[in-house]
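The structure under discussion appears below in the form of structure tokens.
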Amino acid sequence: MFGNRTKTAKLNGRESVFVKRKRTFTLIFVSFIALFLLSSLITDYNAIGGFLSLPKAFVWSIKNLVPNATSWPRVPLIFDNLVETALLSVAVTVCSAVCAFFFSLLGTRTMRVNPVVGRAVRIIAAFFRNIPDIVWALLLLFAFHQNILSGFFALFFATFGLLTRTFIETIDEISASCVEALHATGATNLQVVSQGIIPSSMATLISWILYMIETNVRNAVLIGILTGTGIGWLFDLFYKRGDWGAVSLVVLAVVILIIVIEMISTQIRKVIM
Amino acid sequence: MGDNREITNFTALNSHRCVRMTRGGKIKTGADGKANLVIKITIIALLGLTIIGFLTFDYKDTNIFTAILDTFVNAGIMFGTPRLSHVSFSGAMEQLLVTFALATLATIFGAVIAFFASLLCAKNIANPIVANVVKSFVAFVRAVPTILWVFIIAMSSGLGSIAAVVGLTFHSAGYLTKAYAESIEEMNEGAIEALKTSGASFWQIVLQAIMPSSIRYMVAWTFLRFEINFANALAVGAAAGAGGIGFELWMAGNQYHDLRELGFLTYIIVIAAVLLEVIATKVKEKAG
């Protein structure tokens, strides 16, 4: 079948799309295998052990990761910490979104004061975005110690960098024509922001904020393990004690929280977008 | 952490919104009452939750202003005078390579699993019942944060590269399944229908219609996921002690209390992340 097509292709004097396609797939496949072997070598990863770990983990989880009589009384404590983590991710996202919104206005093509400021804004955003939040957390732990604020600022910096860039892109894409039109009528900057940018891009910005809240809940669990706060701290505590019943409840609580947040944001997005 | 980078791809989907259109293509005029109301309620709810958060947080009587000032001084030491003292430069590079490799393995496994799973749950080719079951399962897998997967695997297999790779793979597979399925669902119905009526088998449809039209998106998503996995591998190394340069970060910060080493390792990571982004952009351009 393929031979036939190759012949047709050669008759036309160029490669057939099928030959090209086959070569692309082969190339992708071979590079996957090569990367896999190389990476296994570097990390001492044992593929068979990896596959065997799944049934092992499954059986172990069914046996041990079950809430028991001693874990139920921990529900109020788990709930309190879950609420703290949820509120932390909302607070972080809202604060960084507000800061990022005003900061990104300086970086947009349409609103920026001048190209130098615009460039500087992007570089500052890139700085905050490219430093992982765990680095911020480890740095903040020096001064804040195990405190919710180290988690707050760590997530704040990372979210701020990310949202600034996203907001710049969104505003440039969505509001450019409205802004130009408003500027042409002689509107002041304040009028342009309140009458042009906010109405036209608010739905998209809200969608991003909701998305970042989801992401930040996951990140807050991890950061909480480092900073000793919220549900991450509780997970670490029960885990180190080997209190598997309580660990299972914590995992369940996190899963429910994330699914609920996802569902709410999906519903909101459906209406506003 | 790390899921952040997926944002980039989102934006493209939400462009051209200056003119709001109805489903029928008419331009919406006047106030879009319901949407505006929901936006207002959302903003008020989020602000309310933020205020409640700040009022209820336990600040453990830290002096915030001294702590902020100290952090500025610390950041100055960290970024201004980076120096390695407990780990050698070659050791740090080796650990960086380990983190890369962990991310690569998780991405490859995630991509392979997600490819087959997405064929089972893309609306236009899968059985609707199977699709719903797979989608719900994938949603559950995605809801458990990566770090918890790593700990769960570590409970039975011990902490090491297996726990890290398998733990990272779970979330990658869940995430990529959703992304792949969406790119398959976006493709032209006609091509699949035409192949179906001409009697093509399922795998012929996959190889001749779906793969060619979706491969670009799939490659783009996979690269994005690799960047996320790199960040996740760092985080998992730091929080779970699963090895790699993330673990070195944690040692420098939490065990040796060495700001300068933390700074040097951070520079290594940032340079690696930027290089990764440049390479990813190049590959995406080529694939596109």
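Residue numbers (my numbering), protein chains in the order written: chain A, 1 to 273; chain B, 1 to 288.
We put the beta carbon where it would ideally sit given N, CA and C, even for glycine.
Given the structure is predicted, the values throughout are model-derived calculations rather than measurements.
Residue environment analysis places E84/A among the buried positions, since at least 16 neighbouring C-beta atoms fall within 10 angstroms of its C-beta. With a threshold of 16 other beta carbon atoms within 10 Å, N68/A falls short and is exposed. For E186/B, the three-state secondary structure derived from DSSP is coil. What N254/B touches in chain A, judged by beta-carbon distance under 8 Å, is L138, L141, L226, going in chain order. Per DSSP, R83/B lies in no alpha helix (DSSP H) and is assigned neither H nor E.
Distances from the alpha-carbon of I123/A to those of L162/A, A47/A, W136/A put L162/A closest.
If you draw a 10 Å sphere on the C-beta of F230/B, you find 16 or more other C-beta atoms in it, and that means buried.
With the criterion set as a beta carbon lying under 9 Å from some beta carbon of chain A, the members of the segment 51-70 of chain B are I51, I52, G53, F54, T56, F57, D58, Y59, K60, T62, I64, T66, A67, I68, L69, D70, in sequence order. Not a single unbroken stretch of the beta strand (DSSP E) spanning 3 or more residues falls wholly within the segment 69-116 of chain A. In this structure I129/B is exposed. Its beta-carbon is surrounded by fewer than 16 other beta-carbon atoms within 10 angstroms. In this structure A179/B does not touch K284/B by the C-beta definition: roughly 14 Å separates them, more than the 8 Å allowed. Collapsing the DSSP output to three states places M273/A in coil. The residues F238, Y239, in chain order, have a CB closer than 6 Å to that of V247/A in the same chain once the five nearest residues on each side in sequence are set aside. At a cut-off of 4 residues, the continuous stretches assigned as alpha helix (DSSP H) that sit fully inside the segment 143-217 of chain B are 146-157, 161-185, 189-197, 202-205. Below the 7 Å Cβ cutoff, chain B contributes K34, A35, V38 as neighbours of V271/A, in chain order. For the segment 156-177 of chain B, the beta-carbon criterion of a distance under 7 Å to any beta-carbon of chain A is satisfied by S156, S157, S161, I162, V165, V166. Leaving aside the five residues that flank L259/B on each side, the residues in its chain whose CB is nearer than 7 Å to its CB run, in chain order, N74, I77, M78. Taking C-beta separations shorter than 7 Å and ignoring five residues to either side along the sequence, the partners of G196/A in its chain run S175, C178, V179, L182, following chain order. A direct Cα-Cα distance of roughly 20 Å separates R165/A from S194/A.
Sequence-ordered contacts of the segment 101-116 of chain A with chain B are nonexistent [C-beta pairs closer than 8 Å].
A distance below 6 Å between beta-carbons, with the five flanking residues on each side excluded, links I168/A to the following residues of its chain, in chain order: S104, G107, T108. N74/B belongs to the set of residues whose beta carbon lies under 8 Å from a beta carbon in chain A. Put simply, of V166/B, F137/B, S201/B the residue whose alpha carbon is nearest the alpha carbon of A117/B is F137/B.
Beta-carbon to beta-carbon, D58/B and I225/A are separated by about 17 Å, too far to satisfy the 8 Å threshold.
Residue range 47-64 is occupied by the alpha helix (DSSP H) that includes P55/A. Pairing I33/A with V278/B, the inter-Cα distance amounts to about 23 Å. In this structure N189/A is exposed. Its beta-carbon is surrounded by fewer than 16 other beta-carbon atoms within 10 angstroms. For the C-beta of G49/A, the chain B residues within less than 8 Å are, from N- to C-terminus, S157, I162. With fewer than 16 other Cβ atoms inside 10 Å of its own Cβ, D61/B counts as exposed.
Among the CB atoms of chain A, none fall inside 8 Å of the CB of A122/B. Within chain A, the residues R218, V221, L222, V254 have their CB atoms less than 7 Å from the CB of P145/B, given in chain order. For K20/A, the enclosing alpha helix (DSSP H) covers residues 17-43. Between A92/B and L249/B, the C-beta spacing is not below 8 Å. Within the same chain, A122, K123, N124 come within 8 Å of E185/B by CB-CB distance, once the 5 residues on both sides are set aside. Straight through space, the alpha carbons of V113/A and F101/A are spaced by roughly 15 Å. In this structure, the alpha-carbon of R119/A lies about 21 Å from that of Y267/B.
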